[in-house]
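Just so you know, the UniProt record's numbering puts 25 at position 25 of the sequence shown, and the rest follows in order with no gaps. For each residue, glycine too, the CB sits at the ideal point set by N, CA and C.
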Amino acid sequence: MRNTSLGSNHSVGISELIENLPLLLQEASEQLNSLSVLLSACMEPIEDDNDLQERMECINQLYLYSSDVNDIPATFAELIAHRVYEYEKKHRDVPHVSRAEALAFFIEERGLKQSDLKQIATQSVISDIINGKRTMTLQQVKDFSRYFNVPVETFID
């Protein structure tokens with residue numbers, strides 16, 4: 001039997017593969033089923049408030065596993081956040097506010113100081129954004145969205 005190298009220290013023969021095939025296929029099937037649910041959460045419209053709450057929790061969990069706004073969990077969270085935004089836009093009477101008003105609201109609501117957000121922007125830049133003297137960069141939009149756990153659309157006028 002020919003061995004297939006799977007890395008520097010691993011060698012698996014065909015007979016070993018055949019022996020482990022049922023477990024391998026079962027695990028792959030479970031992973032694909034979970035991925036299917038995640039992709040549905042990203043793409044399918046939200047049906048009701050229960051579905052909304054489940055997706056909000058999914059967003060929270062994805063961000064727990066995210067170390068950067070550009071990694072895979074954050075990307076999935078952002079896609080689900082788009083579905084949340086669509087649902088709330090259609091089913092909630094949410095007044096439109098500017099990105100500056102939204103930022104000021106979240107800072108006040110959470111009892112933060114502008115300097116508490118220094119990992120996103122300096123205090124003076126945040127002050128300029130809130131006072132309409134400066135607009136947010138795309139990276140700041142993503143970072144504020146992630147920090148406050150709201151859809152990126154919150155910070156897009």
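Reference residue i, options the options, closest by Cα
i: V69; options: T154, R146 and E153; result: R146
i: Q139; options: K113, I130 and V152; result: V152
i: T135; options: L62, K113, R99 and G111; result: R99
i: R92; options: T122, L52 and I107; result: L52
i: V150; options: Q26, S40, I59 and D48; result: I59
i: residue 222; options: D49, E16 and T75; result: No answer is possible for residue 222: it lies beyond the span of the chain, which begins at 1 and ends at 157.
i: K89; options: F148, T154 and P22; result: T154
i: C42; options: S66, S67, E86 and L23; result: E86
i: Y77; options: V97, E54 and H96; result: In the sequence on display, residue 77 carries Ala and not Tyr. Closest option to A77, Cα to Cα, is E54.
i: E101; options: N131, S124 and P73; result: N131
Residue i classed as buried or exposed, judged by whether at least 16 other C-beta atoms fall within 10 angstroms
i: E28; result: Looking at the sequence provided, one finds Ala at residue 28 rather than Glu. Exposed, by the Cβ-count rule.
i: T137; result: exposed
i: I46; result: buried
i: I14; result: exposed
i: E16; result: exposed
i: L32; result: exposed
i: L62; result: buried
i: L103; result: buried
i: E44; result: exposed
i: E30; result: exposed
i: E109; result: exposed
Whole-angstrom C-beta distance between residue j and residue i, which should lie under 8 angstroms
i: V84; j: M56; result: 7 angstroms
i: D143; j: I120; result: 4 angstroms
i: I129; j: L117; result: Not a contact, Cβ separation roughly 10 angstroms.
Whole-angstrom distance between residue j and residue i, CA atom to CA atom
i: D71; j: F105; result: 28 angstroms
i: E19; j: L25; result: 11 angstroms
i: H82; j: D48; result: 15 angstroms
i: I156; j: L64; result: 24 angstroms
i: V141; j: K133; result: 16 angstroms
i: N50; j: I80; result: 15 angstroms
i: G111; j: S66; result: 24 angstroms
i: S115; j: T122; result: 7 angstroms
i: L21; j: F148; result: 44 angstroms
i: K113; j: P95; result: 25 angstroms
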